[in-house]
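S.K.:
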Amino acid sequence: MTGQIRLIRLYRAIVYPLVQLTVWAVASLVVISAVTVLLALLANRPVSGGLTLVEFVIRTVPQVAIDGLTIGFLYAMIALGYTMVYGILQFINFAHSEIFMVGAFVGVEFMLLLNLPPDQPAHQLLLMILLTTVLGMAASGLLAVGIERVAYRPLRNAPRLVPLISAIGVSFFLQDAVRAVEGLVNNAFYRNYPSFPVLNEPLQLASLTVFGQPITVQMQAKIVLIIIVSLAMLTGLNYLVNATRLGRAIRAVAQDQATAALMGVNVDRIIMLTFLIGGALGGATGVLFGIRVGRIDPYVGFIPGIKAFTAAVLGGIGNITGAMLGGLVLGILEAFAGAYLSQFTGGAFGTEYKDIFAFAILIIILIFRPTGLLGEIVAQRA
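What the sequence shown shows, in our numbering, is residues 1108 to 1489, in sequence order.
#1: For P1405 and R1286, which I take to be in contact (beta-carbon distance under 8 angstroms), what is that distance rounded to the nearest angstrom?
#2: Please report the straight-line C-alpha distance between P1228 and V1407, rounded to a whole angstrom.
#3: By how many angstroms is the C-alpha of E1459 removed from the C-alpha of F1280?
#4: What does a CB cutoff of less than 8 angstroms around V1324 pick up in its chain, not counting 5 residues either side in sequence?
#5: Name the residue from V1161, A1186, L1145 whose alpha carbon lies nearest to the alpha carbon of R1152.
#6: Can G1412 and G1243 be called in contact, C-beta distance under 8 angstroms?
#7: Hey, quick one: how far does the alpha helix (DSSP H) through S1140 stretch, first residue to last?
#8: What residue range is occupied by the uninterrupted alpha helix (DSSP H) comprising K1461?
#9: Across which residues does DSSP place M1326 in a beta bridge pair?
#10: Inspect the beta-carbon positions of L1176 and L1435 and report whether they are closer than 8 angstroms.
#11: Residues in its own chain within less than 7 angstroms of I1121 by CB, not counting five upstream and five downstream?
#12: In terms of residue numbering, what span does the alpha helix (DSSP H) encompassing T1417 cover?
#13: Where do the ends of the alpha helix (DSSP H) carrying N1293 lie?
#14: Which of the three DSSP states, helix, strand or coil, is assigned to R1402?
#15: Considering just the uninterrupted stretch of the alpha helix (DSSP H) at P1224, what are its terminal residues?
#16: By a C-beta neighbour count over all protein chains shown, 10 Å radius and 16 as the cutoff for buried, is M1191 buried or exposed?
#17: Along the alpha helix (DSSP H) that carries R1260, what are the first and last residues, could you check?
#18: Are the CB atoms of F1456 and L1448 within a distance shorter than 8 angstroms?
#19: Taking all protein chains shown into account, decide if T1351 is buried (16 or more other Cβ within 10 angstroms of its Cβ) or exposed.
#20: Using only alpha-carbon positions, find the residue among L1306, V1292, T1239 that is nearest to D1226.
#21: Going by CA-CA distance only, name the one from R1166, H1203, L1196 that's closest to M1184.
#22: Does any CB atom of chain C fall closer than 8 angstroms to the CB of I1377?
#23: Along the chain, where does the alpha helix (DSSP H) containing L1448 start, and where does it finish?
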């Protein structure tokens, strides 16, 4: 009986969330791709390269989908930090985007300090990335704990608007603090992650023939790394929350702090650990984001942070699987908008307008389905 209970817990903690995420992500990808092709058919006209619009869309959809999943996994990892804090305190930690940014800066400084040669062997490079990620997680996790202790805990019983304003203030403070430190120490505003050719090496996923032309769907090695780490984070976090004593304590505090305290749960400690976990996830994401984009600055977390918040709302804020799903859907939409907006509008609107879609989704979700795609599941379990 004990073995069966453990298997059921593992299924609910690991298998079911991954299956649920996969089904929703594939369905979203199919729907968005189909809608894009349908719109191309309706507005079919010649485009560059001697192709019609529908031919161009069909030929590029597989690669755009891969790019969208890549962006989506990054948004999803940031969104996990938002959803962890909201699940236990019911307020949005808008300083989380700067916790993510600090992790990125800690990572780049550590990599530059190591000064490894570009032709570093793959196994040594992976070890360095692992160490850098752990260091970024530690720094961002401790920073999140400090923020909770100084800026949020004294305001826990205040009106909801007060800690929200405090979070925004902490966000601006961290941006300018990092800018000041970088200016004084390195006399620089930007920092560049070291480039390693092995991470940029394209991995061929598929070879297709569309309209008589060969198409290769590729993914860089660093993107594979990001996806693997993202899935590991989702799996680990779901297991922690749903199959461990700490997870039961987190769920108890999220449901009713007063009752949890009466049952012997140290509420302050659980909230602190939640911030530690959320901050550590943000730090790991910051390092991986820096490896992907190459150049970072003190304001690098603002737009990704807002989009990750949108992803958390889209999936159902407070729901771990929902945060991942929201990130993937948002990333796919953004990639499709960036790839096809210029073609569909005849050049009137370019890639720079893709952010409109993210913020339009936020408004639409808040108006028509504020609980998000998976929000009802949270309500039923609470």
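By construction, the Cβ of each residue, glycine as well, lies at the ideal position given by its N, Cα and C atoms.
M.R.: Looking at the atomic coordinates:
#1: If you number the sequence shown from 1, residue 1405 lands on position 298. If you number the sequence shown from 1, residue 1286 lands on position 179. Cβ-Cβ separation between P1405 and R1286: approximately 4 angstroms, consistent with a contact (criterion under 8 angstroms).
#2: As a working note, residue 1228 is residue 121 in the sequence shown. As a working note, residue 1407 is residue 300 in the sequence shown. P1228 and V1407 have their C-alpha atoms roughly 30 angstroms apart.
#3: To locate residue 1280, count along the sequence shown from 1; it is residue 173. To locate residue 1459, count along the sequence shown from 1; it is residue 352. Answer to the nearest angstrom: the Cα atoms are 28 angstroms apart.
#4: For the purposes of this step, residue 1324 is taken as the residue at position 217 of the sequence shown. Cβ neighbours of V1324 beyond the five flanking positions: P1169, Q1170, I1173, Q1311, L1312, A1313, S1314, L1315.
#5: On the sequence shown, residue 1152 is found 45 positions in, with the first residue counted as 1. For R1152, the closest alpha carbon among the candidates V1161, A1186, L1145 is that of V1161.
#6: Reading the sequence shown from its first residue, position 305 is the one you call residue 1412. Reading the sequence shown from its first residue, position 136 is the one you call residue 1243. The answer is no: Cβ separation not under 8 angstroms.
#7: Indexing the sequence shown from 1 puts residue 1140 at position 33. For S1140, the enclosing alpha helix (DSSP H) starts and ends at 1123 to 1149.
#8: As a position in the sequence shown, residue 1461 is number 354, starting the count at 1. For K1461, no alpha helix (DSSP H) run applies, since DSSP gives it neither H nor E.
#9: On the sequence shown, residue 1326 is found 219 positions in, with the first residue counted as 1. Per DSSP, L1310.
#10: In the sequence shown, residue 1176 corresponds to position 69, counting from 1. In the sequence shown, residue 1435 corresponds to position 328, counting from 1. For L1176 and L1435, yes; Cβs fall inside 8 angstroms.
#11: The count along the sequence shown starts at 1 and reaches residue 1121 at position 14. Here I1121 has T1342, N1345, Y1346 as same chain residues with Cβ atoms under 7 angstroms from its own Cβ, once five neighbours each way along the sequence are excluded.
#12: Your numbering for residue 1417 matches position 310 in the sequence shown. Where T1417 is concerned, the enclosing alpha helix (DSSP H) stretches over 1409 to 1422.
#13: Counted from its first residue, the sequence shown places residue 1293 at position 186. Per DSSP, the unbroken alpha helix (DSSP H) holding N1293 starts and ends at 1268 to 1293.
#14: In the sequence shown, the residue the question calls residue 1402 occupies position 295. DSSP places R1402 in the strand class (E or B) of the three-state scheme.
#15: As a working note, residue 1224 is residue 117 in the sequence shown. No residue range can be given for P1224, since it is assigned to no alpha helix (DSSP H) and is classified by DSSP as neither H nor E.
#16: The sequence position of residue 1191 within the sequence shown is 84, counting from 1. Its Cβ being crowded by 16 or more others within 10 Å, M1191 is buried.
#17: Here the question's residue 1260 lines up with position 153 in the sequence shown. Following the DSSP letters along the chain, one finds R1260 in no alpha helix (DSSP H), marked with neither H nor E.
#18: Position 341 of the sequence shown, counted from the first residue, corresponds to residue 1448. Position 349 of the sequence shown, counted from the first residue, corresponds to residue 1456. A contact, by the Cβ cut-off of 8 angstroms.
#19: The sequence position of residue 1351 within the sequence shown is 244, counting from 1. T1351 is exposed by the Cβ-count criterion.
#20: Reading the sequence shown from its first residue, position 119 is the one you call residue 1226. Of the listed residues, the one whose Cα sits closest to D1226 is L1306.
#21: Position 77 of the sequence shown, counted from the first residue, corresponds to residue 1184. Among R1166, H1203, L1196, the Cα nearest to that of M1184 belongs to H1203.
#22: Note that chain C does not occur in the displayed structure, where there is just one protein chain.
#23: In the sequence shown, residue 1448 corresponds to position 341, counting from 1. Annotation: the continuous alpha helix (DSSP H) that includes L1448 extends over 1427 to 1451.
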